[in-house]
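Heads up, the sequence shown is in numbering that gives the first Met the number 0, so the first residue is 0 and it goes up one at a time.
To start, the structure itself, in C-alpha cells.
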Amino acid sequence: MNIKPSGKILRIAATAALLAPGVQAFAAASASDTAANYVGTWSATPANLGSGFGPWANQVVNNNNPPYAGTYLDQTSYGNSDGVLSSGYAWGTYANSPTTVSPEMILSRSFTAGPSGSTSLYNQTFSIGLGSSGIGGAGSSLSLNIGSAFDLAYAGGGADNFTFGVDGGTASAIPVTYANLNGGLEVALAVSGGLNSLTEAYTLTLSPFAGGLPFYTTSGTFDSMDYNTSSFSVVDNNTSNNAFVNNPNITAEAVPEPAALALLGMSGIGALVAFRRRK
C-alpha cells in the first residue's frame with residue numbers, strides 16, 4: 000500500500016535531519032563586555048563581568064620597581080583621546096621601557112562553550128577595539144592573538160604596518176598603519192564552515208572603531224583541527240606608551256542559509272521515502 004506522507008510527517012523528517020549529529024551546532028557562546036562595566040572595580044585581577052566570556056587571566060611580566068607594566072581604566076576625564084573609548088571608558092595598559100628588562104602587560108580572556116560544548120568560534124564573528132598612544136622603537140610591539148590560530152601585531156622600529164599570521168606561520172605585512180591604530184581600530188574576525196577542518200574559512204576586517212569604511216579586509220582558510228579560536232589576548236610589549244582595548248564581542252552562531260536548510264530537509268525526506276519503500 001502506497002501511503003502519501005502527510006505534511007506533519009514531512010516536517011518531522013526535516014526536523015530530524017536538522018538535529019542529526021552531523022549538523023549540530025558547534026559554536027562558542029555569544030559574548031560581550033565593555034570597559035564601562037568596570038568603573039571602580041578594574042585591576043590586574045578584575046571581576047568576571049559582561050556575559051559569555053570566561054574570567055580574565057591577565058599577566059604582568061617583568062614588573063620590577065618602579066612599576067614598569069600594568070593596567071588601568073582609561074576614561075574621558077583623563078584627557079586621553081585613545082580612539083576606542085566607549086561610554087567614556089576603555090581598558091588601558093602600559094609597559095614602560097627600563098634599561099635592563101622588557102616588561103609586558105597581557106590582557107587575556109577565554110571563550111566559553113556553547114550548547115554543544117565547544118569553545119571555538121563556529122559561523123561566528125569575534126570583534127574588539129584596539130588603540131595606542133605610541134609604540135616606541137625596536138623591541139616594542141602591540142599584538143592581538145585570537146586563540147592559537149591568528150596573530151595580528153604592530154612592531155616598532157620598522158616599517159609602518161601591521162602584520163598578520165595564520166596557524167603559526169610567517170606573518171605577512173598588511174596595509175594598516177600606526178595612524179589607523181592611534182585613531183582606534185575595530186578588529187573583526189569571522190569564521191565559517193566546518194569546525195575541526197583543515198580548511199575552515201575566515202575573513203579578517205580592520206575598520207575605524209568610530210565607524211566607516213574598512214581600512215583592510217582579507218579572507219582565507221585556517222586549520223581548525225590543530226589551531227583553536229577559543230580565547231583572545233592583547234599583549235603590550237615594552238611600548239613605552241599606553242595601549243587601549245575595548246568592547247570584545249562574539250556574535251551568535253549564524254543560521255544556515257535557506258538553501259542549506261532545504262538540502263537538510265530533503266535528506267530527511269529521502270530517509271522517510273526509503274523507509275516507506277522497505278515497508
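Note that beta-carbon positions come from the ideal geometry of N, C-alpha and C, so glycine has one too.
From a predicted model like this one, the values you see are computed outputs, not experimental measurements.
Legend entry - Start-end ranges of the beta strand (DSSP E) lying completely within the region 225-251, minimum 3 residues: 230-236 and 242-249
Legend entry - Same chain, Cβ closer than 6 Å to residue 132, neighbours up to 5 away in sequence not counted: 240 and 241
Inset, instruction - Express the C-alpha separation of residue 247 and residue 163 in angstroms, rounding to a whole number. - result: The alpha-carbon atoms of residue 163 and residue 247 are separated by roughly 19 Å.
Inset, instruction - With DSSP collapsed to three states, give me the class of residue 27. - result: In the structure shown, residue 27 sits in a strand (DSSP, three-state: E or B).
Legend entry - Counterpart residues of residue 73 in DSSP-defined beta bridges: DSSP, once it has assigned bridges, lists 89 as partnering residue 73.
Legend entry - For residue 150: DSSP bridge partner residues: In the DSSP assignment, the residues bridged to residue 150 are 144 and 164.
Inset, instruction - Return helix, strand or coil for residue 284, following the three-state DSSP convention. - result: A query on residue 284 cannot be resolved here, the shown segment of the chain reaching from 0 to 278 and no further.
Inset, instruction - Report back the beta-carbon spacing between residue 55 and residue 244 to the nearest angstrom; my notes put them in contact at under 8 Å. - result: With a Cβ gap of about 11 Å, residue 55 and residue 244 do not count as contacting.
Inset, instruction - Taking the CB atoms as reference points, tell me whether residue 49 and residue 32 lie closer together than 9 Å. - result: yes
Inset, instruction - Starting from the C-beta of residue 117, find all residues in its chain whose C-beta is less than 7 Å away, skip the five residues before and the five after it, and write them out in chain order. - result: 25, 26, 27 and 194
Inset, instruction - For residue 35, I'd like the list of residues in its chain whose CB is within less than 6 Å of its CB, leaving aside the five on either flank, ordered along the chain. - result: 86 and 88
Inset, instruction - Kindly indicate which residue of 136, 173, 111 and 102 has the alpha-carbon position closest to the one of residue 125. - result: 111
Inset, instruction - Please confirm whether residue 216 and residue 148 have their CB atoms less than 9 Å apart. - result: 9 Å or more divides the Cβ of residue 216 from the Cβ of residue 148.
Legend entry - Of the listed residues 200, 214 and 37, nearest to residue 123 (C-alpha basis): 200
Legend entry - Check whether residue 233 and residue 142 have beta carbons under 9 Å apart: yes
Legend entry - Three-way DSSP call (helix, strand, coil) for residue 178 in this model: helix
Inset, instruction - Give a yes or no on whether the C-beta atoms belonging to residue 101 and residue 251 are separated by under 9 Å. - result: no
Inset, instruction - Below 8 Å on the Cβ atoms is my guess for residue 69 versus residue 43; work out the distance and round it to an integer in Å. - result: Rounded, the Cβ-Cβ distance is 7 Å, consistent with contact.
Inset, instruction - Can you grab the Cα-Cα spacing for the pair residue 156 / residue 83, in whole Å? - result: 24 Å
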